[in-house]
Amino acid sequence: MHKVDIDLVEMTLDVMKYAINRITNVTPNLGKPKKEQELKKLAGETITPKGIGGEKAFHLFRDVLVKATIPIDHPRHLAFVPASPTRAAVMFDLVTSASSIHGAFWMEGAGGIFCENEAMKWLVSLTGMPEGAHGVFTSGGTAANLSAMVTAREAWRKDMENGKERGIVITSSGAHSSIKAMAKVIDADVLLVEIEDRMTAAALESRISSLEPDQRKRLFAVVATGGTTNAGIIDDLKGIAATCKQHNLWFHVDAAYGGAALVADSVRHLFEGIEEADSVTIDPHKWLFSPYDCGAIIYRDMEQAKTAHAQEGSYLDIFYDEGAIGFNPADYQIQLTRRLRGLPLWYSLATHGTEKYKWAVERGISLALLAGKMIEKHPQLELVREPALSCVLFRRKGWGAEDYKMWTYRNHEDNVALVAPTKWKTGATYETVARFCFINPDTTEEDIKVILETMV
Ligand SMILES: Cc1ncc(COP(=O)(O)O)c(C=O)c1O
């Protein structure tokens, strides 16, 4: 298995050819899932005592299995939060794998961790957080949010009175599902400010004052959103920061999707207050053009994160010895052994420069504004709300939930686009509406036009 022979040479050529073809293909086929039994029938037995051989396995993947996946970077993939890794970042993901570096401790990963830290310093500089703030790359926004919540909970429990209490986190109903899910992991309760639109300081204050004394005692953190997944809405970060300070609460900003827009001059002012956060999540694998998976958690005070996350074991002692001293990413989030998943971002940033990133993020924002204008001019369409960041919510007059669903399937089936509906709450009612989320800077006005034409 570990021999260097002619089979390895052939496999390398196959893999490199595939990678080059894939990353230069600007309109990959949209691909469709198949039922598992169907895939099994097409693939047959692949795990056998003697192996089926690299060539056969590779051809199966290239010719059959990858076609049952949807390329996230397709310029007409505007559903959920798509992605569009730069070619430089994808190529460096191959380099990251080939280099076999353990990214948990400086002793083993110094050169690679140095690169990650350079990219991280740029991310931190976008937030405006003070000297001393820094972070680490995680597997995604969920892991970043969990790492932040664990840090916040541990800081709160330093007070012995809270040691045995079950904590409470307040967030808004517009917050991402991972907040509730990760609160379950740390066995905390989540209380909602019932607002899908912008969470204001007044709404937060009113939720805090509605708490029973016992609940108030257990409240330790507030999670605001810097760009909701559904609609791109940024909470009143400045006001919420002040409220958190007044009540001595941990202030976390989940900017997993929207945080990239900190680089965009046109919307930077909307994030005012983020510099006051105790922790911030930003996912490079969403809008900073990194391949999966790459999230990031940034802390105002790294020592608090270290207190919460550093692991101990006699087999780890050497990593903390004078001779091995350096920055250990394992100390600041939930994972020990880790891929150097910030390396592709570092290489792409170093290659293209930060100005290109600014341009590419602004492009997503401009596409959303352009789509908004096209929708306003269309007799059968109307905006549900003004576009925010790179999200557009709109309705097709006269359509119900079933029509939107059929529209999604039809466009996918016809290889036109992947666009999916969502729900928007007005008062007490949820309405099914259409949604665009722009990430890929190669999406064009023509792409938007073609998709809107499918809604007649
Ligand atoms: C605001 C927000 N937070 C957290 C997440 C979870 O991130 P991940 O899927 O990388 O775990 C998402 C994902 O879309 C998100 O939009």
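Here the sequence shown stands for residues 183 to 638, where the numbers follow this note's numbering. Idealized CB from N, CA, C, for every residue including glycine.
Among 405, 350, 411, 358, whose alpha-carbon lies nearest the alpha-carbon of residue 395?
350
Are the beta-carbon atoms belonging to residue 619 and residue 260 less than 9 Å from one another?
yes
Below 9 Å between beta carbons: does that hold for residue 266 and residue 621?
yes
Length of the line joining the Cα atoms of residue 582 and residue 614
7 Å
Let me know if residue 416 comes out buried or exposed under the rule of 16 or more other beta-carbons within 10 Å of its beta-carbon.
buried
When you compare only the Cα positions, how much space is there between residue 470 and residue 281?
23 Å
Return the CA-CA distance between residue 269 and residue 355, expressed in angstroms with no decimal places.
36 Å
Do you know offhand how far residue 575's Cα is from residue 380's?
15 Å
Among 249, 513, 194, 387, nearest to residue 217 - alpha-carbon criterion
249
To which residues of the same chain is residue 602 closer than 6 Å at the C-beta, ignoring the five residues directly before and after it?
261, 590
Grab me the residues of residue 434's own chain with a C-beta within less than 8 Å of its C-beta, minus the 5 sequence neighbours each way, in chain order.
327, 330, 331, 334, 403, 404, 405, 406, 459, 460, 461, 462, 463
Just curious, the beta strand (DSSP E) that residue 480 is in, first and last residue?
477-481
Boundaries of the alpha helix (DSSP H) in which residue 604 is found, first to last residue:
Per DSSP, residue 604 belongs to no alpha helix (DSSP H); it is in the beta strand (DSSP E), 603-608.
Please return the same chain residues whose Cβ sits closer than 6 Å to the Cβ of residue 617, not counting the five positions on each side in sequence.
575, 604
From which residue to which residue does the alpha helix (DSSP H) around residue 359 run?
359-367
Can you tell me which of the three DSSP states residue 408 falls into?
strand
Nearest to residue 536 by alpha carbon, out of 445, 227, 383, 278?
445
Under 8 Å from any heavy atom of ligand 1, does the C-beta of residue 514 make it?
no
Rounded to the nearest angstrom, how far is the Cβ of residue 291 from that of residue 285, given a contact under 8 Å?
5 Å
Give a single yes or no on whether residue 409 has its beta carbon closer than 8 Å to a heavy atom of ligand 1.
yes
Put residue 374 into one of helix, strand or coil per three-state DSSP.
strand
Can you list, in chain order, the residues of its chain whose CB lies under 7 Å from that of residue 322, leaving out five sequence neighbours each side?
465, 467, 475, 477
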